[in-house]
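Everything below concerns the one structure shown next.
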Amino acid sequence: RIDLGTLVLLKEAPAPPAGGEILDLGAGYGPIAIVLAKASPKARVWAIDVNERAVELTRANAVLSGTPNITAGTPEEVPEHLQFDAIYSNPPVRIGKEPLRRLLSAWLDRLAAGGQAHLVVQRNLGSDSLVRWLRETGRRVERIKSKKGYRVITVTAPTA
């Protein structure tokens with residue numbers, strides 16, 4: 008079963024790039040990664056989670072769904088030099104404000120020039136304060152959709 012926030016993200020966020028490197032941050036069992044991998048079979052989709060069981064489930068689900076372009080792993084398994092053309096995430100807001108900010112900062116800094124991150128956050132769990140904070144850090148942020156109590160937020164990296 009796919010949670011409502013993830014469904015909103017998948018329906019309302021822009022389509023992924025046709026190729027390149029795409030990140031599903033906090034992949035869980037892999038529903039976002041699978042949709043992205045099917046939509047962009049020439050892209051490599053990184054499905055990242057700190058939970059080893061989630062990584063195992065994503066790997067199994069990638070095989071079952073016929074998406075060999077998914078690489079599932081923990082954050083430490085992603086090459087440090089790798090930059091992403093797009094990031095999609097239903098971020099773990101319940102980890103707390105400061106841990107969430109550190110997590111997002113670390114990965115948003117790895118967007119390629121002009122790359123975009125698409126995040127879905129429940130309105131009553133701090134989406135508006137997250138947008139404010141992202142703007143305060145100098146990032147270009149746009150709220151692209153509000154639906155069913157969720158906001159889809161796009162962060163665009165500066166072009167070179």
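Quick note: the sequence shown uses my numbering, first residue 8, plus one each step.
All C-beta atoms, glycine included, are put in the ideal place defined by N, C-alpha and C.
Take the Cβ of residue i as the centre, count every other Cβ of all protein chains shown within 10 Å, and call the residue buried at 16 or more, exposed below.
i: residue 88; result: exposed
i: residue 86; result: exposed
i: residue 62; result: buried
i: residue 31; result: buried
i: residue 136; result: exposed
i: residue 38; result: buried
i: residue 10; result: exposed
i: residue 71; result: exposed
i: residue 94; result: buried
i: residue 112; result: exposed
i: residue 57; result: exposed
Check the C-beta distance from residue i over to residue j and give it rounded, since I have them as a contact under 8 Å.
i: residue 22; j: residue 159; result: Not quite, the Cβ-Cβ distance comes to about 13 Å (not below 8 Å), so this is no contact.
i: residue 75; j: residue 47; result: With a Cβ gap of about 13 Å, residue 75 and residue 47 do not count as contacting.
i: residue 156; j: residue 129; result: 6 Å
Look at the alpha carbon of residue i and the alpha carbon of residue j, and state the distance between them as a whole number of angstroms.
i: residue 147; j: residue 117; result: 15 Å
i: residue 27; j: residue 41; result: 16 Å
i: residue 164; j: residue 91; result: 10 Å
i: residue 34; j: residue 59; result: 11 Å
i: residue 83; j: residue 109; result: 15 Å
i: residue 123; j: residue 96; result: 11 Å
i: residue 81; j: residue 67; result: 15 Å
i: residue 101; j: residue 166; result: 32 Å
i: residue 17; j: residue 126; result: 10 Å
i: residue 49; j: residue 29; result: 11 Å
i: residue 139; j: residue 161; result: 13 Å
i: residue 119; j: residue 134; result: 24 Å
Can you give me the Cβ contacts of residue i inside the same chain, cut-off strictly under 6 Å, excluding the 5 residues immediately before and after it?
i: residue 77; result: 40, 44, 52, 54, 69
i: residue 64; result: 36
i: residue 142; result: 148
i: residue 152; result: 19, 159
Looking only at its chain, what residues have a beta carbon closer than 7 Å to the beta carbon of residue i, apart from the 5 residues adjacent to it on each side?
i: residue 154; result: 15, 19
i: residue 12; result: 97, 127, 129, 157
With DSSP run on the structure shown, which of helix, strand or coil describes residue i?
i: residue 115; result: helix
i: residue 148; result: strand
i: residue 61; result: helix
i: residue 72; result: coil
i: residue 4; result: Lying outside 8 to 167, the shown extent of the chain, residue 4 is not represented and no answer is given.
i: residue 12; result: helix
i: residue 45; result: helix
i: residue 126; result: strand
i: residue 167; result: coil
i: residue 155; result: coil
i: residue 162; result: strand
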